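Visitor: Residue numbers (the working numbering), protein chains in the order written: chain B, 1 to 246; chain E, 1001 to 1500.
Next up is a structure, given as structure tokens.
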């Protein structure tokens, strides 16, 4: 029995050190590192949303890009609260800065870099991810290869900047070194008592791949300046695939 | 060491300068005037005006009565001092110690300089010749003391070069005004019939002091070298410029990198001592084939961090063509600013947009992709969506007004609204369905309309009635109808954005 116990301990210890090696830190002792995603955060190793990692978002249609913009805005809000700025890098940006205000961000604290070539986007993204003065970097890309994603992941492991990659070409979604792959899609809003008009934004948040975590699907709503899970579908994280990348 | 001084007197400083700027004034008498107690007072007259009896200090009306064709020109305030200073800076080629002698002269401490021009007389001639050829009417004199040189320059009639310890003989025949005395003392001397310095130089000192005050004694002692006189030399700023000549022509990128590094180290050391930092810098290479290649960098905030500046240059070294080789490298910093030393913090805190690491990152990005690719947006006081934000390239600029939150705005906004086909039931109702890019969207929920008028003072056109609509999948769009509802069915509908 005691033999088994020690074996379990050893395995636990080893797992923890592997996580550390992969750039995923255990829970911070000081400060609240939650990004307000509630149940979604439990899908990640140690139950913490990994800052200092690359997150990949599928962003095919403009509608989905808009949903991503809102969802990322919601995550950026607590990240930027500590004072850092954010860089938004893209080739054909349609993001309308004033809309971010409704997700709690001061739009003038975001620096936009609009480039003409995909190569430049990758270069700027890597340089920005190495910069410790930033809170987050958002890059809109067509596609990213495994090697490129690993370079970015290595850059953030040192600087602890959170990177968000918005991929617009879904056909070649091969393996990447990103910590998580998200798919955000819109859900019809609901209003109380059949009131007319449009309700609060709702999203189906799918975690397609999580490194060392459990993929799943949740329904979230942006209400009163924070995420909240939609009540009637609580709990049951739907295990789609137990893929492990990286 | 024996001190030697040169005094230069610009007889018509301002008018000469004006003639250089406007050559047509050469042929006519003109004066410069300032307004003084409701009248115009002459401050400077050119030689043509002086020949006709017009002198500084006269009221302009009197002068105009004497010479009706006289041209009156307003004097530029402060011009005289600036002009003298720039002439003094020009004279730095003759000696390192130059003082401005207001209102119309320069004083040069030339101890140990004259032999470089082959003696004192050729030296003085050279100065006068160069200044005259530029168009300034000057007189100059050289002596052991400032006082004597000053007096001889203005009143001397014999030789402009006064030998060692020959001040007394030189001053003897000059009028008392050559001693730089107050007009009231000069007036008293004139009343007593003391018209030349020789008539009172041998009087007992106590008598002179009692009658004319200490000032006369002091000026006399200064001119005769009994009392030391100090001049206040003008300080000329050293340009931020460094040179690196090479023994062998440099052709490799590594060689250029070393040159950049070395020059930056020298320049940054100096900047650090002065508490300044580079805003723009230009690195030049003088090639064997006679051409000059250069690369420039700019920074968002003044920096004397060698590593950072080197990184900015390193991005451009690939474009730096050495061809046959580069013999000489130079580094200039044309724009330099004070560095605000940030207060040391005990706990590392994110400084947001003020962060130094961020500023350095933006410099690097600007160096690679161009500064116009980097932008921030500030709110603008316009309702029209396209004009409601204003791009700025500065990272310091603050938002002048608050961001509006009362109206919801789409996350994605199309740069140009796109035409869509809609089916709308009744006037001012949102559409039931619309077709965008060949796809039909059934509208389930809608909000609106929000009418946004065109700003007629900026452009003409129709207003827009915006609707927020949501289709069966929960995707949200921002549509608008251009203008009023038209019963004939010729309404134009556009899609302008996507909500989260």
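Note that the Cβ used here is the ideal one computed from N, Cα and C, for glycine as well.
Note that the coordinates shown come from a computational prediction; the quantities given were computed from them, not determined experimentally.
On the three-state DSSP scale, how would you describe residue 1076/E?
Guide: If you number the second chain from 1, residue 1076/E lands on position 76. Residue 1076/E: coil per DSSP, three-state reduction.
Visitor: Say whether the segment 1370-1384 of chain E touches the segment 131-142 of chain B, bearing in mind that this needs 3 or more beta-carbon pairs closer than 8 Å, one atom from each stretch.
Guide: No, because fewer than three Cβ pairs between the segment 1370-1384 of chain E and the segment 131-142 of chain B fall closer than 8 Å, the two stretches do not touch.
Visitor: Does any residue of chain B have a CB that is nearer than 7 Å to the CB of residue 1435/E?
Guide: Locating residue 1435/E in the second chain gives position 435, counting from the first residue. No, because no Cβ of chain B sits closer than 7 Å to the Cβ of residue 1435/E.
Visitor: Residues of chain B with CB closer than 9 Å to the CB of residue 1473/E, please, in chain order.
Guide: As a first step, residue 1473/E must be located in the second chain, where it is residue number 473. Ordered by position in chain B, the residues that pass the 9 Å Cβ test against residue 1473/E are 63, 185, 186, 187, 188.
Visitor: For residue 29/B, is the classification buried or exposed, using 16 other Cβ atoms within 10 angstroms of its Cβ as the cut-off for buried?
Guide: Translated into positions along the first chain, residue 29/B becomes position 29. Reliability of the predicted coordinates at residue 29/B is poor, the pLDDT of 42 falling under 50, and no value is obtained from them.
Visitor: Which term fits residue 1276/E, buried or exposed, when burial requires 16 or more other beta carbons within 10 angstroms of its beta carbon?
Guide: Here the question's residue 1276/E lines up with position 276 in the second chain. Residue 1276/E comes out buried.
Visitor: Relative to the ligand FAD, is the shortest distance from any of its heavy atoms to the C-beta of residue 1307/E smaller than 6 Å?
Guide: The ligand FAD is not part of the structure shown, which contains no ligands of any sort.
Visitor: Can you tell me the Cα-Cα spacing of residue 165/B and residue 180/B, whole angstroms?
Guide: For the purposes of this step, residue 165/B is identified with residue 165 of the first chain, where counting begins at 1. For the purposes of this step, residue 180/B is identified with residue 180 of the first chain, where counting begins at 1. In a straight line, the C-alpha of residue 165/B is about 10 Å away from that of residue 180/B.
Visitor: Can you list, in chain order, the residues of its chain with a C-beta nearer than 7 Å to that of residue 1435/E? Leave out the 5 residues immediately preceding and following it.
Guide: Taking the first residue of the second chain as position 1, residue 1435/E is located at position 435. Taken in chain order, the residues that qualify are 1420, 1421.
Visitor: Just to make sure I have the definition right: I need the residues of chain B whose C-beta is within less than 9 Å of the C-beta of residue 953/E. Which are they?
Guide: Residue numbering for chain E in the displayed model covers 1001 to 1500; residue 953/E lies beyond these limits and cannot be assessed.
Visitor: So if I threshold CB-CB distances at 7 Å, which residues from the segment 204-233 of chain B count as touching chain E?
Guide: Residues: none.
Visitor: Using the three-state DSSP reduction, which class does residue 1493/E fall into: helix, strand or coil?
Guide: What you label residue 1493/E is simply residue 493 of the second chain in a count that begins at 1. Strand at residue 1493/E.
Visitor: Quick one: using the 10 Å Cβ neighbour count with 16 as the cut-off for buried, is residue 1140/E buried or exposed?
Guide: In the second chain, counting from the first residue as 1, residue 1140/E sits at position 140. Buried, since its Cβ has 16 or more Cβ neighbours within 10 Å.
Visitor: Residue 1225/E: which of 1476/E, 1467/E, 1479/E, 1002/E sits nearest, CA to CA?
Guide: Position 225 of the second chain, counted from the start, is the residue given in the question as residue 1225/E. Residue 1225/E has its Cα closest to that of 1002/E, out of 1476/E, 1467/E, 1479/E, 1002/E.
Visitor: Express the C-alpha separation of residue 1125/E and residue 1077/E in angstroms, rounding to a whole number.
Guide: Taking the second chain and counting its residues from 1, the one referred to as residue 1077/E is at position 77. Taking the second chain and counting its residues from 1, the one referred to as residue 1125/E is at position 125. The straight-line gap from Cα to Cα measures roughly 32 Å.
Visitor: Could you give the distance in angstroms between the alpha-carbon of residue 136/B and the alpha-carbon of residue 55/B?
Guide: Taking the first residue of the first chain as position 1, residue 136/B is located at position 136. Taking the first residue of the first chain as position 1, residue 55/B is located at position 55. Whole-angstrom Cα-Cα distance: 11 Å.
Visitor: Please classify residue 1051/E as buried or exposed, where buried requires at least 16 other C-beta atoms within 10 Å of its C-beta.
Guide: Here residue 1051/E corresponds to residue number 51 of the second chain, with the count starting at 1. Looking at its Cβ environment, which holds fewer than 16 other Cβ atoms inside 10 Å, residue 1051/E is exposed.
Visitor: What residues of chain B sit near residue 1426/E, judged by a beta carbon separation below 8 Å?
Guide: Indexing the second chain from 1 puts residue 1426/E at position 426. Per Cβ cutoff of 8 Å: no residues; residue 1426/E is ~15 Å from chain B at best.
Visitor: Would you say residue 252/B faces chain E, with C-beta separation under 7 Å as the test?
Guide: Because residue 252/B is not part of the residues shown, which for chain B are 1 to 246, the question remains open.
Visitor: Are the CB atoms of residue 1433/E and residue 1423/E within a distance shorter than 7 Å?
Guide: Taking the second chain and counting its residues from 1, one reaches residue 1423/E at position 423. Taking the second chain and counting its residues from 1, one reaches residue 1433/E at position 433. Contact flag set, yes.
Visitor: Identify the continuous beta strand (DSSP E) that holds residue 1098/E and give its terminal residues.
Guide: Here residue 1098/E is taken as the residue at index 98 of the second chain, counted from 1. 1097-1101 is the span of the beta strand (DSSP E), which, as asked, contains residue 1098/E.
Visitor: Taking contact to mean 3 or more Cβ pairs, one atom from each stretch, closer than 8 Å, check whether the segment 1379-1386 of chain E and the segment 1394-1409 of chain E are in contact.
Guide: Touching, yes, given that three or more Cβ pairs across the two stretches are closer than 8 Å.
Visitor: Determine the direct distance from the alpha carbon of residue 74/B to that of residue 104/B, and round the result to whole angstroms.
Guide: Sequence index remark: in the first chain, residue 104/B carries index 104 (1-based). Sequence index remark: in the first chain, residue 74/B carries index 74 (1-based). So the two alpha carbons sit approximately 7 Å from each other.
Visitor: Measure the beta-carbon distance from residue 1314/E to residue 1257/E and round it to whole angstroms, keeping in mind my assumption that it falls under 8 Å.
Guide: The residue labelled residue 1314/E in the question sits at position 314 within the second chain. The residue labelled residue 1257/E in the question sits at position 257 within the second chain. Contact flag correct, Cβ pair sits at about 7 Å.
Visitor: For residue 127/B, go through chain E and note every residue whose CB falls closer than 7 Å to its CB, in chain order.
Guide: In the first chain, the residue the question calls residue 127/B occupies position 127. Under the 7 Å cutoff, chain E gives 1361, 1364, 1365.
Visitor: Taking only the alpha-carbon atoms, compute the straight-line gap between residue 1253/E and residue 1333/E and give it to the nearest angstrom.
Guide: The residue labelled residue 1253/E in the question sits at position 253 within the second chain. The residue labelled residue 1333/E in the question sits at position 333 within the second chain. About 22 Å.
Visitor: CA-CA distance, residue 1062/E and residue 1129/E?
Guide: Counting from one through the second chain, the residue named residue 1062/E turns up at place 62. Counting from one through the second chain, the residue named residue 1129/E turns up at place 129. Distance between the alpha carbons of residue 1062/E and residue 1129/E is about 36 Å.
Visitor: For the alpha helix (DSSP H) holding residue 1273/E, just list the boundary residues, first then last.
Guide: For this step, residue 1273/E is matched to residue 273 along the second chain. Looking at the DSSP string, the run of the alpha helix (DSSP H) that includes residue 1273/E is 1253-1274.
Visitor: Anything in the segment 83-102 of chain B with a Cβ closer than 7 Å to a Cβ of chain E? List those residues in chain order, please.
Guide: Residues passing the 7 Å Cβ filter: 83, 84, 85, 94, 95, 96, 97, 98, 99, 101, 102.
Visitor: Can a CB atom of chain E be found closer than 7 Å to the CB of residue 124/B?
Guide: Numbered from 1 along the first chain, position 124 holds the residue referred to as residue 124/B. True, the Cβ-Cβ gap to chain E drops below 7 Å.
Visitor: Specify, as a first and last residue, the run of the beta strand (DSSP E) that residue 1300/E falls within.
Guide: Start at 1 with the first residue of the second chain, and residue 1300/E comes out as number 300. That run of the beta strand (DSSP E) goes 1292-1303.
Visitor: Could you check if residue 62/B is buried or exposed, using at least 16 other CB atoms within 10 Å of its CB as the buried criterion?
Guide: Taking the first residue of the first chain as 1, we reach residue 62/B at position 62. Buried is the call here.
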